[in-house]
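Visitor: Going by the UniProt record's numbering, the residue at position 48 of the sequence shown is 48; the numbering climbs one at a time, nothing skipped.
Below is one structure. I have some questions about it.
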Amino acid sequence: MASFLRSNLYFFTSPRTKSNNNSVTVRCGPRDNRSPLTRGRVLSIEAIQAIQALKRAKKGDEAKITELVSQTLSRLLKNDLLATLKELLRQDQCHPALEVFSAVRSEIWYRTDCSLYADIVSVLARNGMGEEIDRLIFDLKIGEWVPGPGDGRGLGRLIKALIDGARKESTVRIYEVMKRSGWRRRTVADEYVVKVLSRGLRKLGEGAVADEADREFGRESD
Numbered sequence: 001m002a003s004f005l006r007s008n009l010y011f012f013t014s015p016r017t018k019s020n021n022n023s024v025t026v027r028c029g030p031r032d033n034r035s036p037l038t039r040g041r042v043l044s045i046e047a048i049q050a051i052q053a054l055k056r057a058k059k060g061d062e063a064k065i066t067e068l069v070s071q072t073l074s075r076l077l078k079n080d081l082l083a084t085l086k087e088l089l090r091q092d093q094c095h096p097a098l099e100v101f102s103a104v105r106s107e108i109w110y111r112t113d114c115s116l117y118a119d120i121v122s123v124l125a126r127n128g129m130g131e132e133i134d135r136l137i138f139d140l141k142i143g144e145w146v147p148g149p150g151d152g153r154g155l156g157r158l159i160k161a162l163i164d165g166a167r168k169e170s171t172v173r174i175y176e177v178m179k180r181s182g183w184r185r186r187t188v189a190d191e192y193v194v195k196v197l198s199r200g201l202r203k204l205g206e207g208a209v210a211d212e213a214d215r216e217f218g219r220e221s222d
């Protein structure tokens, strides 16, 4: 009998319930149309408090949101700040997420991340915020993004997200940024980027720009 009780006690007790004093494990599943949490994601107490504070701010009350950003997010470390942004995106909290992204961009450690841009564009498109997408992309300054060999996957995701959202001007803008920043096709992933860009531009009615992109990046048109 004693061995049976010990066996069952072990079965119902998991070492994963342990946590330190500074973080909690988020165990809730997806609700409504939200995507599921990334497996093993841990949000610190500070990040959770920041998310709750931003969500309490009235929609459209930009002054209040901006004040919360300066007061709350300024105390977050890099990982907490990024975790806050991604959790707000997961919950389709677009306006607070954009404010947080503005704070992220102001940090000295920030480097343009095409995958992060793709995540933001996808959420904005899903919520019908086309103008905000265009503003986000047109704020991407020439020279701010330093292209590198590892950009292919994220850049391809960003272009595809813009095309799926039918953002013609923003897609053309990304091509201009690529060209003026000296982006060049180097890997198989980069070849995929050029193909997605070219086909997307044609789909959006920008055949002449697509032809120029093919010539610029050394791809034969379909």
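Where a beta carbon is used, it is the ideal one built from N, C-alpha and C, also for glycine.
Is the beta carbon of I120 less than 8 Å from the beta carbon of L136?
Guide: Taking 8 Å as the Cβ cut-off, I120 and L136 qualify as a contacting pair.
Visitor: When you compare only the Cα positions, how much space is there between E212 and G130?
Guide: Each residue's Cα considered, the two are about 26 Å apart.
Visitor: Determine the burial state of Q52: buried for a count of at least 16 other Cβ atoms within 10 Å of its Cβ, exposed for fewer.
Guide: Looking at its Cβ environment, which holds fewer than 16 other Cβ atoms inside 10 Å, Q52 is exposed.
Visitor: By how many angstroms is the C-alpha of L73 removed from the C-alpha of A103?
Guide: Between A103 and L73, the C-alpha separation is close to 8 Å.
Visitor: Is S106 helix, strand or coil by DSSP?
Guide: Reduced to three states, the DSSP call for S106 is coil.
Visitor: Might you give, ordered along the chain, the residues of its own chain that have their beta carbon closer than 6 Å to the beta carbon of F217, omitting 5 neighbours on each side?
Guide: These residues qualify, in order along the chain: R185, V194.
Visitor: Between D92, K160, P96, R111, which has its C-alpha nearest G128's C-alpha?
Guide: When each option's Cα is compared against that of G128, the closest is D92.
Visitor: Whose CA, out of S170, V188, S106, L81, lies closest to the CA of residue 223?
Guide: The requested residue 223 does not occur in the structure, where the chain is confined to residues 1 to 222.
Visitor: Find the nearest neighbour of L204 within the set I133, G156, I163, I45, judged by alpha-carbon distance.
Guide: Among I133, G156, I163, I45, the Cα nearest to that of L204 is on I163.
Visitor: Within this structure, are the beta carbons of W109 and K86 separated by less than 8 Å?
Guide: Contact flag unset, no.
Visitor: Tell whether a beta-carbon distance below 8 Å holds between L158 and Y117.
Guide: Yes, these two residues count as a Cβ contact at 8 Å.
Visitor: Taking only beta-carbon positions, decide if L77 is within less than 8 Å of chain B.
Guide: This model lacks chain B altogether; it includes just one protein chain.
Visitor: Mind checking G152: buried by the 16 CB within 10 Å criterion, or exposed?
Guide: G152 comes out buried.
Visitor: Is it buried or exposed for S122, if we count other Cβ within 10 angstroms and need 16 for buried?
Guide: It counts as buried.
Visitor: Just to confirm, are E132 and L98 a CB contact at a threshold of 8 Å?
Guide: Contact flag set, yes.
Visitor: Between T84 and A63, is the Cβ-Cβ spacing less than 8 Å?
Guide: Not a contact, by the Cβ cut-off of 8 Å.
Visitor: Closest to V188 by C-alpha separation, out of E46, L155, E107, would be which residue?
Guide: Measuring from the Cα of V188, the nearest candidate turns out to be L155.
Visitor: Determine the burial state of K160: buried for a count of at least 16 other Cβ atoms within 10 Å of its Cβ, exposed for fewer.
Guide: So K160 counts as buried.
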